[in-house]
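Peer 1: What the sequence shown shows, in the numbering used here, is residues 921 to 1100, in sequence order.
Backbone N, C-alpha and C define an ideal beta-carbon position, used for all residues, glycine too.
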Amino acid sequence: MSLKSGLNTLGGYIHIGTRLDIKHFVPDEKGKHLRPLEDGSMGQFTEVKKDRRVEINRVVTDAFVNYVVDNLQAELAAFGDFKFHEMGLGVVAEAAGDTALGTTTGIARATGTQIEGATANIYKSVGTITADTTEAITEHGLFNIATAGTMMDRTVFAAINVVSGNQIEFTFQITFSSGG
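The following block contains the structure:
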């Protein structure tokens, strides 16, 4: 399953793509566009075949996808902080607009590992949380800081009944697809 279809299934949507607009201009004394000439001066131009502009939105490169995954693993403020795992008790379905778990357990977030998954386009973080009471754990979230912050993902699942001292290991993976 691609990242796009996986997010659509959960009600979210990410579009990773590129766009290239191509316009064709020709020199024209009465042209409406002022553009630089080869000698550095400015000249007037007319755009030709306006109805034939080319807009391309086709492919994100493997290199870019791998760069994003590599930076999720690194300790860079923009990417490398999404490693804090939290478990909760909420049962309401996930939504793209979620910013926190439905009901937190109050247990501190675990700091997860940050590695590449089975292939270069997969980011993986593993975090283990120890229960401090008897509860039914039904949700997990991945955040960029130990308290509050931005939630990258929220997942609701069938209850895992725990008692104090039980541990749950969460393995979160996100796959970035290239090629459109």
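#1: Taking the alpha carbon of Phe-1004 as the reference point, which residue from Thr-1070, Asp-1052 and Glu-949 has its own alpha carbon closest?
#2: So, do the stretch 986–993 and the stretch 1010–1019 have three or more beta carbon pairs nearer to each other than 8 Å?
#3: Using the three-state DSSP reduction, which class does Gln-993 fall into: helix, strand or coil?
#4: I'd like the span of the beta strand (DSSP E) that includes Ile-1042, first residue to last.
#5: Using only the alpha-carbon positions, how far apart do Val-1076 and Glu-1059 sit?
#6: Which residue comes first and which comes last in the beta strand (DSSP E) that contains Glu-1006?
#7: Under the three-state reduction of DSSP, which class applies to Val-1076: helix, strand or coil?
#8: Given that a residue counts as buried once 16 or more other Cβ atoms are within 10 Å of its Cβ, and exposed if not, what is Lys-950?
#9: Rounded to the nearest angstrom, what separates Gln-993 and Asn-1081 at their Cα positions?
#10: Any chance the stretch 1028–1041 sits against the stretch 1088–1097, with 3 or more Cβ pairs inside 8 Å?
#11: Taking Leu-1021 as part of the beta strand (DSSP E), name the residues at either end of that continuous run.
Peer 2: Concretely, from the data shown:
#1: It is Thr-1070.
#2: Cβ pair count under 8 Å is below three, so no.
#3: Helix.
#4: Going by DSSP, Ile-1042 is part of the beta strand (DSSP E) stretching over 1042–1050.
#5: If you take the alpha carbons of Val-1076 and Glu-1059, they lie about 4 Å apart.
#6: It spans 1004–1008 - the beta strand (DSSP E) in which Glu-1006 sits, taken as one unbroken run.
#7: Secondary structure at Val-1076: strand, using DSSP grouped into helix, strand and coil.
#8: Counting the other Cβ atoms within 10 Å of the Cβ of Lys-950 gives fewer than 16, which makes it exposed.
#9: Straight-line Cα distance between these residues: approximately 31 Å.
#10: Put simply, the stretch 1028–1041 touches the stretch 1088–1097. At least three CB pairs are less than 8 Å apart.
#11: Annotation: Leu-1021 is outside any beta strand (DSSP E) and is labelled neither H nor E by DSSP.
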